[in-house]
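Notes to accompany the following structure.
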Amino acid sequence: MIADFGYGIFLLSFILSIYAVFAAIYGYQTNKYTWVESSRLAMQLTFPLITITSGILVYLLVTDQYHVSFIYEVTSRSMPLYLKITSLWGGQSGSLVFWSWLMSSFATAVTFRKWDRDREFLPWVVVVSSVTLAFFVGLVIFFENPFEKFWQTFNGDVVTAMFQPAGSVPFSPPDGKGLNPLLRHPGMIIHPPMLYLGFVSFVIPFAFAIAALITGRTDDRWTRITRRWTIVAWLFLSIGLILGGRWAYDVLGWGGYWGWDPVEIAAFMPWLVGTAFLHSVMIQEKRGMFKEWNMILIILTYAMVIFGTFLTRSGVLSSVHAFAQSAIGPSFFIFIGVTLVVSTALLIYRWKDLRSEAELTSMLSREALFLLNNLLFISIYIVCFWGVLFPLISELFTGQKVTVGPPFYERATGPLFAALVVLMGIAPLSAWGHSTIKTLGKAAWKPATAAVIGLLAIIFVGKVTNIYAIIGFFAVLFTSFITLYEFWRAAYARSRAQKENLVLSLWRLFGKNRRRYGGYLIHLSIILMAVGIIGLEMFQTETQGTLAQGESLTLGEYKITYNDLAIFDSNDNRNLARATISVEKNGQFVGELHPRRDYFYESQQPMTIPGVRSTIQDDLYIILVDWQPITTEGATFKVYHNPLVNWLWWGSIMMILGSMVAAWPEKDPEPRKVSSNAALAAAD
Amino acid sequence: MKTEKKWLYGFILAALVIIAFTNPGSAFAQDNTPTDNDVNAIARQMFCPVCENTPLDVCPTEACKDWRELIRLKLTEGWTEQQIKTYFVEQYGARVLAEPPMQGLNLLMYILPPALMLAGAAFLGKAFLSMRQNAERSKISIENDKAAESAEDKYANLIEDEINKREA
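Residue numbers (the numbering used here), protein chains in the order written: chain A, 69 to 752; chain B, 45 to 212.
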């Protein structure tokens, strides 16, 4: 009954979003603002309605109502409460409901802003947001209904249907299948919401861009309104990607964080284009240039958001044939196609209005370097897009499946990423409008000298001989010194001018120009992450061996000794095989590690949990590969030595901080001035 | 005597060589038993067709374990890395390789991204040159306008002076 109610409410929110689309268009065409206002209110109403639907789904999950097929698929009685709740996004249909809920919350939030100066944008923002929402809600209603129930027919077959088929009786399995064990990890619990938040946040700048194209108000107003939305979207998407990487490192048991898997790339593509947009939009704000390019980038970002969801949800990645059989695949395909055609048509229609207000006169000006940054980001995006698409094309045209794995991506994107790191250092030194080699050299020679000295230390003291690592280390040293030097110069100048101490000046600097210094913090965080990536990619070593109890295996400075293996059942329906390993570094005992293999009885799936000793210098990462089931005398271990990988995670935390600084609302001094004047006048 | 010894040594040497190459349990064969690391060095370049996108060296399934054992067997038999890869491609198709082989339609895979990047760079370069020309042109026209304005001012001043003289 409650499932039917949830479905009914969701249907109502679908009707409301469709109504919002038509009311907004009609209101705009006829200049009847009451219709536009009605569409706004309709869109706002979708949020409480989808909240009720999601709440009902969560209620069904936590109360073990296995007569509902979705609940049966993703949860089980032995699962803890928090996992039952987060199972909402553990399966296809639940995740689409969750996507819709986030979309409705963001769409509602944007309608609460002050529209006085931008009233003409409102109907089109409502239209774009509501169309996107209606699409996802429609997918759930017509193809992926999480409220479908089990029914047993008279011949004993169990079928799923929303409403009772004739001649059947309700059927409820005693227990559910349980959540995929791989998804029972804190990183995986938070990872999908973060990615979805990033995805839905990018819908808002796209909605404003389309509104600007339709209304012809193609100045930089839409970019200014959506600046913060874009940074927030970028932040959530970044956190989502990083959490996905951490999850892979902790759970998948292959000693790395990024495997260039198509699912990973599906989330990476909107991030790449979104990052290009985030930089490019600054050129429009400062110089009134590349308006058409910014439109292309935001349209592409939106398309990649939908395409990323399509890739992961349609089954197309496993096979083009699975896509054709998938219920939602063709709908996604049509939606992406229609969106691209409409957006491109609008772009062509307004092309002349989007002409630049200034010309690019210097190849070393900041706008030129930002454009180069865009070229690099888009090049990486092309590699990723083509790498994901090619196996599908190959299967379609030749019938032969191929794998596009890490070697291709690493070879193609490595130099582009290195160039981006160097550019990240140079671009902030250049001036808007015009820069020369001389002005750049004057600003860069000190950090460049420091970078060369640092690099020599790394080569001779650290004994690094790998040429790619040397290039990588030079890039990170150069850019980090330049960024730190920028902080120093500004803080020092301020401390002298304001007669403050240096720390206070640095603090106030952030308040003075949050976007710039937040951006610099993000750049520093990327450098930290780059150090971690260089460490793992260039210096990772590994070995594997089968050890009897008491035997040892050596990898570099580490020696591991296999002590024991315990095999037992846990309370939550798992069978655990847990090894005890002693770890020595340079002959000194440094601790014990417990790599293990969990076997989940419900889903009949194994899961490898590595034993990790993690320091800022390196990680020792041990996987239990195999063991003798009866005697426990011998077990096989795979051991990875991952230098500097922790820098990646610390860099991620810094990136979150930097993004928060950049997105934090600026203080508006005007209202305070007015109110103090008014108070004085009142006192007089 | 010397000739007899020569024959004896020769016979022993030949016997040792024959034993070494024919007896599977010989010390020579044991020394060449591939280690897990030897197997993984090849396995990490391959993907199992069942477990999508998981490199063979780290895939925990039974099927992948059997594949690794097959690699070990082939190495024991003296197969080279390339021979083993070719064998797997013949058995299971090109998808077992981490990258598509450079042939036929696969060539597009390698050609298209750099071609698009170069096209993008060329487009940017061209756009920059045309923008700079526009800027220079508009700079020249502004200077011409200024010069024309100052010339006009000069003549206007002369006329003004003439009128003033006559009025005086």
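Backbone N, C-alpha and C define an ideal beta-carbon position, used for all residues, glycine too.
Is the beta carbon of residue i less than 7 Å from the beta carbon of residue j?
i: residue 537 of chain A; j: residue 602 of chain A; result: yes
i: residue 15 of chain A; j: residue 570 of chain A; result: Only positions 69 to 752 of chain A appear in this structure, which leaves residue 15 of chain A out of reach.
i: residue 542 of chain A; j: residue 572 of chain A; result: no
i: residue 134 of chain A; j: residue 241 of chain A; result: yes
i: residue 110 of chain B; j: residue 87 of chain B; result: no
i: residue 345 of chain A; j: residue 365 of chain A; result: yes
i: residue 664 of chain A; j: residue 677 of chain A; result: yes
i: residue 455 of chain A; j: residue 586 of chain A; result: no
i: residue 218 of chain A; j: residue 231 of chain A; result: no
i: residue 172 of chain A; j: residue 120 of chain A; result: no
i: residue 380 of chain A; j: residue 334 of chain A; result: yes
i: residue 94 of chain B; j: residue 107 of chain B; result: yes
i: residue 470 of chain A; j: residue 483 of chain A; result: no
i: residue 115 of chain B; j: residue 83 of chain B; result: yes
i: residue 623 of chain A; j: residue 611 of chain A; result: yes
i: residue 593 of chain A; j: residue 719 of chain A; result: yes
Determine the burial state of residue i: buried for a count of at least 16 other Cβ atoms within 10 Å of its Cβ, exposed for fewer.
i: residue 706 of chain A; result: buried
i: residue 423 of chain A; result: exposed
i: residue 81 of chain A; result: buried
i: residue 465 of chain A; result: exposed
i: residue 432 of chain A; result: buried
i: residue 656 of chain A; result: exposed
i: residue 68 of chain B; result: Caution is warranted here: a pLDDT of 41 is assigned to residue 68 of chain B, below 50, making its placement in the model unreliable, and the coordinate value is therefore given only provisionally. Answer is exposed; the Cβ neighbour count stays below 16.
i: residue 130 of chain B; result: exposed
i: residue 66 of chain B; result: Because the pLDDT of residue 66 of chain B is 41, which lies under 50, any placement of that residue in the model is unreliable, and the number read from its coordinates should be weighed accordingly. Under this definition residue 66 of chain B is an exposed residue.
i: residue 654 of chain A; result: exposed
i: residue 225 of chain A; result: exposed
i: residue 637 of chain A; result: exposed
i: residue 715 of chain A; result: buried
i: residue 166 of chain B; result: exposed
i: residue 154 of chain A; result: buried
i: residue 195 of chain A; result: buried
i: residue 201 of chain B; result: exposed
i: residue 158 of chain A; result: buried
Counting only Cβ pairs nearer than 7 Å, list the residues of chain A close to residue i.
i: residue 116 of chain B; result: Residues of chain A passing the Cβ test: none, with the nearest at roughly 12 Å.
i: residue 201 of chain B; result: By Cβ distance, chain A contributes nothing, its closest Cβ being about 35 Å from residue 201 of chain B, past 7 Å.
i: residue 165 of chain B; result: 443
i: residue 138 of chain B; result: 468 and 470
i: residue 179 of chain B; result: 427 and 429
Say the cut is 6 Å; is the CB of residue i nearer than that to a heavy atom of the ligand COA?
i: residue 448 of chain A; result: Ligands displayed in this structure: none; no statement on the ligand COA is therefore possible.
Taking C-beta pairs closer than 7 Å, name the residues in chain B that residue i reaches, listed in chain order.
i: residue 605 of chain A; result: Result: empty, since nearest Cβ-Cβ is about 14 Å, beyond 7 Å.
i: residue 473 of chain A; result: 91, 142 and 143
i: residue 480 of chain A; result: 157
i: residue 629 of chain A; result: Correct list: empty, because the minimum Cβ distance to chain B is about 18 Å.
So with CB distances below 8 Å, who are the chain A contacts of residue i?
i: residue 121 of chain B; result: Residues of chain A passing the Cβ test: none, with the nearest at roughly 21 Å.
i: residue 172 of chain B; result: 428, 431 and 436
Under 9 Å between beta-carbons, which chain B residues line up against residue i? List them in chain order, please.
i: residue 338 of chain A; result: In chain order: nothing, as chain B lies at least about 19 Å away.
i: residue 327 of chain A; result: 97, 98 and 99
i: residue 476 of chain A; result: 142, 143, 144, 153 and 154
i: residue 330 of chain A; result: 96 and 97
For residue i, go through chain B and note every residue whose CB falls closer than 8 Å to its CB, in chain order.
i: residue 321 of chain A; result: 102 and 104
i: residue 439 of chain A; result: 168
i: residue 676 of chain A; result: 104
Could you name the residues of chain A that residue i contacts, counting a contact when the two beta carbons are closer than 9 Å?
i: residue 78 of chain B; result: Near residue 78 of chain B there are no residues of chain A at all, since even the closest Cβ is about 12 Å away, more than 9 Å.
Using Cβ-Cβ distances below 7 Å, what residues of the stretch 444-471 of chain A are close to chain B?
446, 447, 450, 451, 454, 458, 462, 465, 466, 468, 469, 470 and 471
The stretch 251-284 of chain A: positions lying closer than 8 Å to chain B by Cβ:
none
Taking 8 Å as the threshold, find out whether the stretch 662-675 of chain A comes into contact with the stretch 575-588 of chain A through three or more Cβ pairs.
no
Quick test of the definition: if touching needs 3 or more C-beta pairs under 8 Å, does the stretch 404-412 of chain A touch the stretch 146-165 of chain B?
no
Could you tell me whether the stretch 159-170 of chain A touches the stretch 199-214 of chain A, where touching means 3 or more Cβ pairs closer than 8 Å?
yes
Listed in chain order, which residues of the stretch 407-438 of chain A have Cβ atoms closer than 9 Å to some Cβ of chain B?
424, 426, 427, 428, 429, 430, 431 and 436
Below 8 Å, how does it come out for the stretch 185-203 of chain A and the stretch 93-109 of chain A: are there three or more Cβ pairs, yes or no?
yes
Three or more C-beta pairs below 8 Å linking the stretch 307-326 of chain A and the stretch 278-296 of chain A
no
contact_flag[the stretch 370-379 of chain A, the stretch 259-277 of chain A] where n(CB pairs < 8 Å) is 3 or more:
yes
Please identify, using Cβ separations under 9 Å, the residues of the stretch 293-321 of chain A that lie next to chain B, in order along the chain.
320 and 321
Relative to chain B, which residues along the stretch 607-622 of chain A have a C-beta separation below 8 Å, given in chain order?
610, 611, 612, 613 and 614
Would you be able to state if there are at least three C-beta pairs under 8 Å between the stretch 275-285 of chain A and the stretch 240-254 of chain A?
no
Count Cβ pairs between the stretch 175-188 of chain A and the stretch 248-261 of chain A that sit closer than 8 Å; are there 3 or more?
no
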